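Residue numbers (my numbering): 550 to 905.
Just so it is clear, CB atoms sit at the ideal spot from N, CA and C, and this is done for glycine as well.
Computed from a predicted structure; not experimentally measured.
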Amino acid sequence: MLDKLAAIHNRFLNIAEQMSDPSVISDMKKFVKLNKEYKDLEPLDEAYKEYKNIVENEESSRDIIANETDADFIDMAKEELSELLKRKEELEEEVKVLMIPKDPEDAKNIVLEIRAGTGGDEASLFAGDLYRMYTKYCDSKKWKIEIVDIAEGTMGGFKEIVLNVSGKDVYGTMKFESGVHRVQRVPKTETQGRVHTSAATVAVLPEAEEFDIDLNPSDIRKDTYCASGPGGQSVNTTYSAIRLTHEPTGIVVTCQDEKSQLKNLTKAMKVLRTRIYELEYAKHMEEISSKRKTMVSTGDRSAKIRTYNWPQGRVTDHRIGLTLYNLPAIIDGDIQEIIDGLQMAENAERLKEEMQ
């Protein structure tokens with residue numbers, strides 16, 4: 550273990566040296582890549598220092614126990630050795646998880662898309678509930694949220710809403726939310742008090758950086774139109790809304806949230822790059838999922854991942870069999886326990902792969 554950590558420590562020092570090289574600093578693409586690796590290795594470098602210290606103190610304690618004659622001194626050394634061995638074992642388990650190769654996308658920002666599925670107006674209302682859940686959770690993480698596009702439901706909620714979310718490790722935290730979310734409750738339009746089942750789909754896409762995707766401007770058709778919905782006097786009077794069509798893939802992106810056409814164009818381009826990038830990333834996810842017996846972060850967006858049952862106050866995540874009876878708190882953004890459970894399941898699966 551110490552040899553492995555020492556090699557990582559040397560790599561960490563090497564990266565730090567490279568990052569101070571003027572030729573690297575002037576190469577933004579290379580600098581960003583090295584900076585990311587530096588941050589990824591930082592926890593392992595800290596673990597190396599602690600582990601090295603434990604090994605040195607362990608040797609010292611064993612030497613005292615073997616050669617000292619003072620009984621009290623020996624007892625103190627034995628007590629210290631017991632604590633060192635316990636921490637050493639804990640640290641080895643922590644390092645095993647830290648050494649699992651990270652998904653390079655985990656540190657990225659995301660494009661979060663929520664769409665009403667089956668269930669008509671009730672599905673739109675549920676999409677609104679999911680929007681509230683995610684925005685509350687993002688607020689708790691101090692992440693920045695920007696609305697890109699929005700289509701409101703006829704009775705409230707959303708037929709569709711697209712958001713940019715930026716912050717620390719957003720994709721690594723949110724990636725397990727992609728899939729079909731199902732709701733079971735009595736709709737406001739139901740007069741007989743019967744429980745209905747509706748659904749909404751969530752897509753969490755790792756945001757593509759400009760150097761991830763090389764877009765040819767001649768492949769993109771840009772259309773402008775008047776925005777609709779809330780927005781003040783500029784709505785329906787200025788051509789600020791943007792529609793981008795990527796001819797080779799047929800991907801269409803719209804943005805009408807900003808009053809400025811330039812700002813809408815900037816947001817739309819970000820989403821367009823992300824959706825094109827997602828096509829390749831989806832293939833990568835399918836390859837991974839085909840190799841695993843159980844897959845938490847499945848690439849299958851049509852998979853039913855979670856059920857929110859209002860009458861029972863219950864939320865069940867079907868991938869890991871987790872059921873919680875605190876639905877009001879969850880819809881209010883308290884989803885950390887679910888995310889932790891999914892991350893643990895994924896890490897256990899990946900650790901199993903590494904040990905095979």
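| message | Nearest by alpha-carbon distance to Asp763: which of Arg636, Arg822 and Glu617 is it? | response | Arg822
| Contact belief for Gln805 with Thr773 at Cβ below 8 Å, rounded distance in angstroms | Separation of the CB atoms of Gln805 and Thr773 is rounded to 10 Å, and the pair is thereby denied contact status at 8 Å.
| Using DSSP with H/G/I as helix, E/B as strand and the rest coil, what is Leu876? | helix
| task | Sort out for me which residues DSSP pairs Gly728 with in a bridge. | result | Beta-bridge partners assigned by DSSP to Gly728: Val751.
| message | I'd like the list of long-range same chain contacts for Arg824, defined as Cβ closer than 6 Å, with 5 residues on each side in sequence excluded. | response | Cβ within range, chain order: Ile800.
| task | Quickly, what does DSSP pair Gln733 with across the bridge? List them, please. | result | Thr746 and Asn858
| message | Can you tell me where the alpha helix (DSSP H) holding Asp621 begins and where it ends? | response | Ala620 to Leu647
| request: Using a threshold of 8 Å, state whether the C-beta atoms of Trp658 and Asn713 are closer than that. | output: Going by the sequence as given, residue 658 is Asn instead of Trp. Yes; because the gap between Cβ atoms is below 8 Å, this pair is in contact.
| task | Would you kindly check if the distance between the Cβ of Gly706 and the Cβ of Ser747 is under 8 Å? | result | no
| Is Glu608 helix, strand or coil by DSSP? | helix
| task | Would you mind giving the Cβ-Cβ distance between Tyr680 and Ile710, rounded to the nearest angstrom? I have them listed as a contact below 8 Å. | result | 6 Å
| said: So, at 6 Å on beta carbons, what are the nonlocal neighbours of Lys637 in its own chain, with the 5 sequence-adjacent residues on each side left out? | reply: By the criterion of a C-beta distance shorter than 6 Å, Lys637 is surrounded in its chain by Ile603, once the five residues flanking it on both sides are discounted.
| With DSSP run on the structure shown, which of helix, strand or coil describes His795? | strand
| In chain order, what residues of the same chain lie with their CB nearer than 6 Å to the CB of Leu633, ignoring the 5 residues before and after it? | Sequence-distant Cβ neighbours of Leu633 in its own chain, meaning closer than 6 Å and more than five residues away, are Ile603, Asn606 and Glu607.
| query | So which of Arg743, Lys853, Thr703 and Lys724 has the shortest CA-CA distance to Ala831? | reply | Lys724
| Below 8 Å between beta carbons: does that hold for Arg743 and Pro860? | no
| Would Met577 be called buried (16 or more neighbouring beta carbons within 10 Å of its own) or exposed? | exposed
| query | Whose C-beta lies closer than 7 Å to the C-beta of Ala700 among residues of the same chain, with five residues either side of it excluded? | reply | Phe707, Lys708 and Glu709
| message | In the DSSP output, which residue or residues are listed as bridge partners for Ile699? | response | Ile710
| message | For the alpha helix (DSSP H) containing Cys687, name the first residue and the last one. | response | Asp670 to Ser689 is the span of the alpha helix (DSSP H), which, as asked, contains Cys687.
| request: Check whether the Cβ atoms of Leu661 and Tyr683 lie closer than 8 Å to each other. | output: yes
| task | Please name the residue, chosen from Pro736, Leu640, Ala757 and His730, that lies closest to Ala749 on a Cα-to-Cα basis. | result | Closest in C-alpha terms to Ala749, from the list Pro736, Leu640, Ala757 and His730, comes His730.
| query | What do you get for Arg868, buried or exposed, if any count of 16 or more other CB atoms within 10 angstroms of its CB means buried? | reply | buried
| task | Report the three-state DSSP secondary structure of Thr722 (helix, strand or coil). | result | helix
| Along the chain, where does the alpha helix (DSSP H) that runs through Leu551 open and close? | Leu551 to Met568 is the span of the alpha helix (DSSP H), which, as asked, contains Leu551.
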